[in-house]
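Residue numbers (my numbering): 1 to 106. Where a beta carbon is used, it is the ideal one built from N, C-alpha and C, also for glycine. As the structure is a prediction and not an experimental result, all values here were calculated from the model. Comments concern the structure below.
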Amino acid sequence: MYKRDKIFATLLATIICLLFSFPAQAEMTAQEKTALKAKILEVLNENPELLITALHGLQQRVEQEQEQAKLTTLQNQRKALEQDPDSFVAGNPAGDITLVEFFDYR
1 MYKRDKIFAT
11 LLATIICLLF
21 SFPAQAEMTA
31 QEKTALKAKI
41 LEVLNENPEL
51 LITALHGLQQ
61 RVEQEQEQAK
71 LTTLQNQRKA
81 LEQDPDSFVA
91 GNPAGDITLV
101 EFFDYR
């Protein structure tokens, strides 16, 4: 069942992308727009799990983008975090391991 839904969702997404990717020869008429909306609503009403699948995919993408942004920020600020002359150093200042602690006084 899940494989069928995934294939159906991919097919629906492909059709929608194709509809909007070709240069418009002429504007869609109001009747064509209404028919397209009705068809999309019909498909979604018949398969509401497609919305859940799409939302899960969106959530995963957002989480991946946030994780990538965190990693990029840490990489860009690595020197400032590890070699700040005003930071407290305990133990061997020339050691191989640097522990950076993030905390908030509030």
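Tell me the residue span of the alpha helix (DSSP H) that contains residue i.
i: Thr-34; result: 30-46
i: Gly-91; result: Gly-91 -> no alpha helix (DSSP H), and no H or E assigned at all.
i: Leu-74; result: 49-76
Taking just the CA atoms, how far does residue j sit from residue i?
i: Ile-52; j: Ala-30; result: 29 Å
i: Asp-96; j: Thr-10; result: 49 Å
i: Met-28; j: Val-100; result: 58 Å
i: Gly-91; j: Glu-82; result: 14 Å
i: Arg-78; j: Gly-57; result: 31 Å
i: Ala-47; j: Ala-38; result: Correcting the residue type first, residue 47 is Asn in the shown sequence and not Ala. Distance between the alpha carbons of Asn-47 and Ala-38 is about 14 Å.
i: Leu-44; j: Glu-65; result: 27 Å
i: Gln-68; j: Pro-93; result: 30 Å
Considering only the alpha carbon of each residue, which of the options lies closest to residue i?
i: Cys-17; options: Asp-5, Ile-40, Arg-4; result: Ile-40
i: Asp-54; options: Phe-8, Asp-86, Ser-87; result: The amino acid occupying residue 54 in the given sequence is Ala; Asp does not appear at that position. The candidate whose alpha carbon is nearest that of Ala-54 is Phe-8.
i: Leu-74; options: Arg-61, Phe-102, Val-62; result: Phe-102
Excluding the 5 residues preceding and the 5 following residue i in the sequence, name in chain order all residues of the same chain whose CB lies nearer than 7 Å to its CB.
i: Ala-13; result: none
i: Glu-49; result: Asp-5
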